[in-house]
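Undergrad:
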Amino acid sequence: VDDTPLNVLVLQRQLEKRGCVVLTATNGRECVDVWKADRSGCDFILIDVWMPVLDGLEATRELRALGATLPIIALTADFTSAIVQRGQ
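In terms of the working numbering, the sequence shown is residues 27 to 114.
#1: Determine the extent of the alpha helix (DSSP H) in which V69 is found, giving its start and end residues.
#2: Taking the alpha-carbon positions, what's the C57 to R44 distance?
#3: What did DSSP end up calling L101 once you bin it into helix, strand or coil?
#4: Note down the Cα distance separating L101 from C68, rounded to an integer number of angstroms.
#5: Using C-beta distances below 6 Å, list every residue in its chain close to L49, excluding the 5 sequence neighbours before and after it, in chain order.
#6: Suppose you measure from the CA of L83 to the CA of V27; what does that come to, to the nearest Å?
#7: Going straight from the alpha carbon of D64 to that of P31, what length do you get?
#8: Near E42, what residues of its chain come up, given a Cβ to Cβ distance below 7 Å and the 5 sequence neighbours on each side ignored?
#9: By Cβ distance below 6 Å, which residues in the same chain neighbour T52 in space, the five residues on each side in sequence not counted?
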């Protein structure tokens, strides 16, 4: 899940080379909707922290509230102590 098409393309190609089937979304709202449509279709989620509509942290909170137990891995170029604290 990323709002930057190049990031999505790079990750998608790398994962597909390793045999993964990749579903994509451009923001957290789309991610939640995709997961709700097929809860067993995802093994893990890679999600950007900063995106429009619904950011990665809020999307993760929503997914957890809906019962998602799969690994959700945050991606960001912004690594500061503030982002670490916000994600806890």
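Note that the Cβ used here is the ideal one computed from N, Cα and C, for glycine as well.
TA: This is what the structure gives:
#1: The residue you asked about is not Val; residue 69 is Asp in the sequence shown. In the DSSP assignment, D69 falls outside any alpha helix (DSSP H) and carries neither an H nor an E.
#2: The alpha-carbon atoms of C57 and R44 are separated by roughly 22 Å.
#3: Residue state for L101 is assigned as strand, using DSSP reduced to three classes.
#4: If you take the alpha carbons of L101 and C68, they lie about 17 Å apart.
#5: V60.
#6: C-alpha separation (whole angstroms): 12 Å.
#7: Taking the CA atoms as reference points, D64 sits about 23 Å from P31.
#8: Closer than 7 Å at the Cβ level, and outside the excluded window around E42, lie V48.
#9: Only D29 meet the Cβ criterion.
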